[in-house]
Amino acid sequence: MLLMLTLRAASATDAPVIRDLLATAALPVDDLESSEIDFVVAEQAGTVHGTVGVQALGNIGLLRSLAVSPAARTAGTGTALVDAIEAHAAARGIRRLVLLTETAAPFFMKRGYALADRATMPEALQDTAEFRSLCPSTATCLAKDLRHD
Numbered sequence: 002m003l004l005m006l007t008l009r010a011a012s013a014t015d016a017p018v019i020r021d022l023l024a025t026a027a028l029p030v031d032d033l034e035s036s037e038i039d040f041v042v043a044e045q046a047g048t049v050h051g052t053v054g055v056q057a058l059g060n061i062g063l064l065r066s067l068a069v070s071p072a073a074r075t076a077g078t079g080t081a082l083v084d085a086i087e088a089h090a091a092a093r094g095i096r097r098l099v100l101l102t103e104t105a106a107p108f109f110m111k112r113g114y115a116l117a118d119r120a121t122m123p124e125a126l127q128d129t130a131e132f133r134s135l136c137p138s139t140a141t142c143l144a145k146d147l148r149h150d
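Structural data, given as structure tokens:
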């Protein structure tokens, strides 16, 4: 099904639907209120079909919480969300995005992310709830340097 989605920065009123999308995708939600995460959402006719976030830690960003509703999968929604959050991160001065995933490594690797050693990530990343406790030690760590034109 082809959806005409609009990408936009999330607002506070989007928080419940973001939480629901993440919970449905079995992604961490425990630290959403305590972490400063910029979210982008994909919506159609007022219904949010996907989300992704970045937690800025200086010039490094933790890409997290990519979730797409079943109705919007295979329509390029995930790719559009990742492109949007990368552009947002670059505009904020983030030079490198890092993520942890248990299931989506092939998706991100097709988009230029490469395997990274979790143990050598900067302390700011190591101190996030996602690195400390929310994602298991077996999660794949990936990173991508962002272009700054």
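Note that this note's numbering numbers the sequence shown so that position 47 is 48, with each residue one more than the last. Heads up, the beta-carbon is just placed ideally off N, CA and C, and yes, glycines get one too. Since the model is a prediction, treat every value here as computed from it, not as a measurement.
Would you mind giving the Cβ-Cβ distance between R97 and D128, rounded to the nearest angstrom? I have them listed as a contact below 8 Å.
Looking up residue 97 in the sequence shown gives position 96. Looking up residue 128 in the sequence shown gives position 127. Not quite, the Cβ-Cβ distance comes to about 17 Å (not below 8 Å), so this is no contact.
Kindly confirm or deny that the stretch 88-96 and the stretch 125-144 touch, where touching means at least three C-beta pairs closer than 8 Å.
The stretch 88-96 is not in contact with the stretch 125-144.
List the whole-angstrom C-beta distance separating A46 from L8, where the pair is believed to meet the contact cut-off of C-beta under 8 Å.
If you number the sequence shown from 1, residue 46 lands on position 45. If you number the sequence shown from 1, residue 8 lands on position 7. Not really, about 14 Å apart at Cβ, beyond 8 Å.
Supposed contact pair L63 and V55 - C-beta distance, whole angstroms, cut 8 Å:
Reading the sequence shown from its first residue, position 54 is the one you call residue 55. Reading the sequence shown from its first residue, position 62 is the one you call residue 63. Yes, they are in contact, since the Cβ atoms of V55 and L63 sit about 7 Å apart, within 8 Å.
Would you decide whether R148 is buried or exposed? Buried here means 16 or more other CB atoms lie within 10 Å of its CB.
Here the question's residue 148 lines up with position 147 in the sequence shown. Around the beta carbon of R148, fewer than 16 other beta carbons lie within 10 angstroms, which makes this residue exposed.
Cα-Cα separation between A10 and A57, rounded to whole angstroms:
Residue 10 sits at position 9 when you count from the first residue of the sequence shown. Residue 57 sits at position 56 when you count from the first residue of the sequence shown. Those two C-alpha atoms are separated by around 15 Å.
Among T14, T80 and P17, the one whose alpha carbon lies nearest that of A67:
The residue you call residue 67 lines up with position 66 of the sequence shown. It should be noted that the sequence gives Leu, not Ala, for residue 67. Comparing alpha-carbon positions, the option among T14, T80 and P17 lying closest to L67 turns out to be T80.
If I measure Cβ to Cβ from M5 and keep anything under 8 Å in the same chain, skipping five residues before and after, which residues do I get?
The count along the sequence shown starts at 1 and reaches residue 5 at position 4. Within the same chain, Cβ atoms closer than 8 Å to the Cβ of M5 are found at Q45, the five residues on either side in sequence being excluded.
For the alpha helix (DSSP H) holding I61, just list the boundary residues, first then last.
Your numbering for residue 61 matches position 60 in the sequence shown. Note, I61: premise wrong, no alpha helix (DSSP H); beta strand (DSSP E) at I61 to V69.
Taking the CB atoms as reference points, tell me whether A158 and G59 lie closer together than 7 Å.
Residue numbering for the chain in the displayed model covers 2 to 150; residue 158 lies beyond these limits and cannot be assessed.
Contacts around A26, its chain only, beta-carbon distance under 7 Å, and the 5 residues preceding and following it disregarded:
As a working mapping, residue 26 is identified with position 25 in the sequence shown. Once the five neighbours on either side are set aside, the close Cβ partners of A26 are A68.
Of all the options F132, R65 and V41, which has the alpha carbon lying nearest to the alpha carbon of R119?
Here residue 119 is taken as the residue at index 118 of the sequence shown, counted from 1. Of the candidates F132, R65 and V41, the residue whose Cα lies closest to the Cα of R119 is F132.
Is it buried or exposed, A144, if we count other Cβ atoms within 10 angstroms and call 16 or more buried?
What you label residue 144 is simply residue 143 of the sequence shown in a count that begins at 1. Answer is buried; the Cβ neighbour count reaches 16.
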